[in-house]
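In what follows, a single structure is set out as structure tokens and then discussed.
Numbering (the numbering used here), first residue to last: 468 to 859.
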């Protein structure tokens, strides 16, 4: 239960309105963040109101049974309408339900919220590495982040690396930034049983053949073209070369991935299954010879943590927040293809190291819980609720 806090002369726990209307239908990382956080906040007795799209009403009622769930208009399914409604309709609902704080979990903030606001800024790589992003989306996120950094009562970020970059690149006040690591749901992401591994392997057409796994959007900062080139160089001369499985959405950058795939020798196998079901992920990640996620930068690195929770040996980079997540429980590489090839070859050729990393990764993943994340968010809400009116 969150501690009582003095708000506008009252001693009460703040009522938090969480705007979940931006969560996409495919859930993705944003959906996993909002779902995990709301469930943990509800478990800890927070006074919650959740505003969501109509298609998510039953989901959030089940995830947070103590919360009041408010379904917005049907037009929220369209991004332009949702952004307009956020500026006008959401503040109206906040007044109607008596919210003390509004939490916006995806960059944006109403210009006239009429109460304190907390905004989650997931990463600032669209400032530090703009070439790695879709330019249209990048400009939108830059504008939203600048507005949030100036107008929000408090900012929540998922890593110290993101906090440092916000301060460095935007001159944000570090005293208004709260770090709240993401958690992982061990009921979903767990060390798989043999049957789970076999089911996924058979579905992929591998039937027990070893593979290197990637899970995520096929976009530039995920560094998939260099992963493809590095994997091909690492395994080309092996007697039984493991396949490469690229699972996840295209992200609108297929041309770069296709160009890399065109260089793969014909005797090597690449599988692109698209999105995998939630139930398939433990078997997919935990059944891999290694999970390779050589990103050029992350605000947190949720796929790395989820692979660790499935007991997978993980190869990633030391860029941005990733060492905060992986610690000493993962293998590291530079993001260029040659470095990936060397690191991946060494990992594939060393079963004892893979086993040690898999065990260490699982143990470290247990340190990242949504309960701890919820506690950090509750502290941010309390600070926002008691902020001076000038900042509100």
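Built from N, CA and C at the ideal position, the CB exists for glycine as well.
8 Å contact criterion, which residue i and residue j should meet: CB distance rounded
i: residue 503; j: residue 658; result: Between residue 658 and residue 503 the Cβ distance is about 19 Å, and since that is not below 8 Å, they are no contact.
i: residue 811; j: residue 712; result: Contact doesn't hold; Cβ gap of about 14 Å is too wide.
i: residue 501; j: residue 852; result: At roughly 21 Å, the Cβ-Cβ gap does not stay under 8 Å, so residue 501 and residue 852 are not in contact.
i: residue 521; j: residue 507; result: Not really, about 24 Å apart at Cβ, beyond 8 Å.
i: residue 665; j: residue 644; result: At roughly 46 Å, the Cβ-Cβ gap does not stay under 8 Å, so residue 665 and residue 644 are not in contact.
i: residue 460; j: residue 594; result: Given that the chain is displayed from residue 468 to residue 859, the structure contains no residue 460 and the question cannot be resolved.
i: residue 764; j: residue 688; result: 6 Å
i: residue 682; j: residue 727; result: Contact flag wrong, Cβ pair sits at about 17 Å.
i: residue 736; j: residue 710; result: 4 Å
i: residue 633; j: residue 646; result: No, residue 633 and residue 646 are not in contact; Cβ-Cβ is about 11 Å, not under 8 Å.
Residues near residue i in its chain [Cβ-Cβ closer than 8 Å; skip 5 each side]
i: residue 575; result: 489, 550, 553, 586, 611, 614, 615
i: residue 842; result: 511
i: residue 565; result: 482
i: residue 546; result: none
i: residue 749; result: 655, 656, 657, 658, 659, 663, 777
i: residue 672; result: 738
i: residue 509; result: 515, 530, 531, 532, 533, 534
i: residue 583; result: 567, 568, 569, 620, 621, 851, 852, 854, 858, 859
Environment of residue i [buried if 16+ CB atoms lie within 10 Å]
i: residue 734; result: exposed
i: residue 744; result: exposed
i: residue 563; result: exposed
i: residue 785; result: exposed
i: residue 648; result: buried
i: residue 480; result: buried
i: residue 627; result: exposed
i: residue 669; result: exposed
i: residue 570; result: buried
i: residue 746; result: exposed
i: residue 742; result: exposed
i: residue 696; result: buried
i: residue 823; result: exposed
i: residue 642; result: exposed
i: residue 706; result: exposed
i: residue 499; result: buried
i: residue 730; result: exposed
i: residue 690; result: buried
i: residue 762; result: buried
i: residue 816; result: exposed
i: residue 766; result: buried
i: residue 833; result: exposed
i: residue 661; result: exposed
i: residue 606; result: exposed
i: residue 708; result: buried
Three-way DSSP call (helix, strand, coil) for residue i in this model
i: residue 685; result: coil
i: residue 579; result: coil
i: residue 800; result: coil
i: residue 584; result: strand
i: residue 701; result: helix
i: residue 851; result: helix
i: residue 498; result: helix
i: residue 619; result: coil
i: residue 809; result: helix
i: residue 515; result: strand
i: residue 741; result: strand
i: residue 657; result: coil
i: residue 666; result: helix
i: residue 542; result: helix
i: residue 786; result: coil
i: residue 652; result: coil
i: residue 678; result: strand
i: residue 533; result: coil
i: residue 759; result: strand
i: residue 713; result: strand
i: residue 696; result: helix
i: residue 593; result: helix
Cβ shell of residue i (< 6 Å), same chain only, five flanking positions each side left out
i: residue 768; result: 788, 789, 792
i: residue 796; result: 827, 828, 831
i: residue 758; result: 680, 752, 774, 779, 781
i: residue 618; result: 576
i: residue 505; result: 530, 531
Same chain, Cβ closer than 7 Å to residue i, neighbours up to 5 away in sequence not counted
i: residue 536; result: 517, 519, 524, 527, 528
i: residue 836; result: 650
i: residue 558; result: 577, 579, 580, 581
i: residue 732; result: 699, 703
i: residue 667; result: 747, 750, 751, 754
i: residue 674; result: 668
i: residue 573; result: 489, 497, 587
i: residue 693; result: 761, 802, 803, 804, 807
i: residue 544; result: 520
i: residue 800; result: 761, 782, 784, 806, 807, 810
beta-carbon residue i near the ligand GDP non-hydrogen atom, thresh 8 Å
i: residue 756; result: This structure lacks the ligand GDP; in fact it carries no ligand of any kind.
Any C-beta of chain B under 9 Å from that of residue i
i: residue 725; result: Here chain B cannot be found, since the structure has a single protein chain.
So does the segment 843-854 actually touch the segment 803-816, counting three or more Cβ pairs closer than 8 Å?
-> no
Is the number of C-beta pairs between the segment 746-765 and the segment 654-674 that are closer than 8 Å three or more?
-> yes
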